[in-house]
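> Each step along the sequence shown adds one to the number in our numbering, with nothing skipped, and position 24 is 42.
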Amino acid sequence: MRLAVIQGRLALITERGAIDVATASEFPSDPQAVYDQWERFRAWYAANPDTLRTAEAAPCRADELDAPVPAPRQVFGIGMNYRAHAAEAGLSVPESDPVVFAKYVSSVAGPGAVVTLPSEAVDYEAELVVVMGKRAHRVSRDEAWNHVAGLTIGQDLSERLVQFRGQTPQFSLGKSFPGFSPTGPVLVTPDEFDDPDNIEIGCTLNGQQMQKGRTSDLIFTVPRLIESLSAIVALLPGDLIFTGTPAGIGWARDPKVVLRPGDRLVTHAEVIGELTTTFTAG
Ligand code: ZN
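What follows is the structure, encoded as C-alpha cells:
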C-alpha cells in the first residue's frame with residue numbers, strides 16, 4: 019500500500035491515481051486519526067480489494083502533496099548509523115546503543131519544500147524514515163516490524179555550526195530549524211519491499227550524486243532501533259524515526275559542500291521514489 023497526504027487529506031496512491039480515503043471508506047480524512055487506528059485501517063484495506071479498482075481516482079499532483087505525517091507527536095534522529103559515515107565524520111562507531119537525538123516537530127516539511135537557509139553551514143543527510151503504526155513500549159526486535167506503518171524518505175538537514183557548538187553537541191537544535199525535516203513523497207508499507215531491511219537510499223545535489231547507500235549497512239537496523247528506543251520511550255502511531263545517513267555528506271568533503279540558495283536536493287529511495295527540496299536565502 020502506498021499512501022500520501024494531499025491538501026491535508028489521506029489518500030491511497032494507485033496506478034489509476036489518488037483515492038481519497040475518507041470518500042472511499044468510513045475512515046476520517048485526517049492522516050493522524052488513521053495512523054491512530056492503523057491495524058483497523060490495514061484490515062479494511064485487505065478486506066476491500068475492489069475499492070482500489072472501482073473507487074474514484076484523481077490525478078496525483080506533486081505540488082499538492084504534504085508530508086505523509088504532517089503532525090507527528092515525536093520525531094527521532096539516529097546519528098552515526100553507517101560505518102563509512104561515522105568514519106568520514108571522524109566520530110567513533112556506537113557499539114551497544116544508537117546515538118539518539120530529537121528533531122523537533124516544528125521542523126517537519128513535505129515534498130517540494132522550499133527551506134530557508136539560516137547560515138552558510140547547512141548540510142544534507144539522505145535517510146530512510148520509519149513511520150510507526152502502533153504504540154510501542156518495550157518491543158523486541160522480533161516484534162518491531164509489526165509496529166511499523168510504513169517507510170518514507172527524509173532529509174535530516176543539519177546546521178553544522180549549531181550542531182557542534184557548546185560543551186556537548188547540540189544535535190537536536192542544529193537539526194530543527196523550520197523545514198529541516200522534509201519527508202515524503204509517499205508512505206510505503208513494509209510488504210511492498212523485497213526486503214525492508216535492504217533499501218537503496220541516496221541523494222543528488224543539482225543533479226550530481228552525493229550519497230548512495232543501502233539500509234542493509236545500518237549498524238542498528240530498523241528492528242534494533244525500535245527495540246532500543248522503545249526500551250525507554252513509548253513510541254506512538256505516526257512517530258518518525260530518521261534512521262541515519264550513509265557516507266557522502268557535504269561537511270566531511272574537502273572543500274566542504276554546503277547548501278546554497280537556489281540549490282535543488284533530490285533524495286531517492288527504491289520503491290518509495292524521490293523527495294525534492296529547494297533552498298532560499300535567510
Ligand atoms: Zn541524520
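Beta carbons are placed, not taken as given, at the ideal position from N, Cα and C, and that holds for glycine. Computed from a predicted structure; not experimentally measured.
For D212, count neighbouring C-beta atoms within 10 Å of its own C-beta (all shown protein chains included) and say buried if the count is 16 or more, exposed if not.
exposed
> What is the rounded straight-line gap between the Cα of F297 and the Cα of G172?
16 Å
> Reducing DSSP to helix, strand and coil, say where A85 ends up.
A85 falls in the coil class under three-state DSSP.
> How many Å lie between A105 and G268 at the Cα?
14 Å
> Jot down the residue ranges of each uninterrupted beta strand (DSSP E) in the region 94 to 131, minimum 3 residues, whole runs only, in chain order.
117 to 120
> Please indicate yes or no: does the CB of D174 lie closer than 7 Å to some heavy atom of the ligand ZN?
yes
> What's the gap between the Cα of A64 and the Cα of S114?
39 Å
> By Cβ distance, which residues of its chain are closer than 8 Å to P136, with the 5 residues on each side in sequence left out?
E177, F195 and G300
> Kindly indicate which residue of V123, H155 and A36 has the alpha-carbon position closest to the one of R79.
A36
> Run the proximity test for G97: is its beta-carbon closer than 7 Å to any non-hydrogen atom belonging to the ligand ZN?
yes
> With DSSP as the reference, label F59 as helix, strand or coil.
Secondary structure at F59: helix, using DSSP grouped into helix, strand and coil.
> Beta-carbon separation of T170 and L205 under 8 Å?
Contact flag set, yes.
> Looking at the structure shown, is R278 part of a helix, part of a strand, or coil, going by DSSP?
coil
> Per DSSP, which residues does R20 bridge with? Please list them.
V206
> Hey, V23 and D84: beta-carbon distance below 8 Å or not?
Yes, the Cβ-Cβ distance between V23 and D84 is below 8 Å.
> Distance check for A89 and A265, CA to CA, integer angstroms please.
29 Å
> Considering only C-alpha positions, which residue in the set G184, H155, N216 and V284 is nearest to V251?
H155
> If you measure from the CB of G128, is any heavy atom of the ligand ZN nearer than 7 Å?
No - the ligand ZN has no heavy atom lying nearer than 7 Å to the Cβ of G128.
> Could you tell me if the beta carbon of T170 falls within a distance shorter than 7 Å of some heavy atom in the ligand ZN?
Incorrect: T170 has no Cβ contact closer than 7 Å to the ligand ZN.
> Using only the alpha-carbon positions, how far apart do V118 and S190 sit?
9 Å
> Which of the three DSSP states is assigned to H286 in this structure?
strand
> Along the alpha helix (DSSP H) that carries D48, what are the first and last residues, could you check?
Neither: D48 is in no alpha helix (DSSP H) and is coded neither H nor E.
> Quick check: is any heavy atom of the ligand ZN less than 7 Å from the C-beta of G262?
yes
> Per DSSP, which residues does R27 bridge with? Please list them.
I24
> Find the nearest neighbour of E138 within the set A167, L109 and L175, judged by alpha-carbon distance.
Closest by alpha carbon: L175.
> Where does S248 fall in DSSP's three states?
helix
> Mind checking P86: buried by the 16 CB within 10 Å criterion, or exposed?
buried
> Going by DSSP, name the residue or residues bridged to G266.
For G266, which the question treats as bridged, DSSP gives no partner whatsoever.
> For L253, which option in Q229, H165, P203 and T285 has the closest C-alpha, if you only look at C-alpha atoms?
H165
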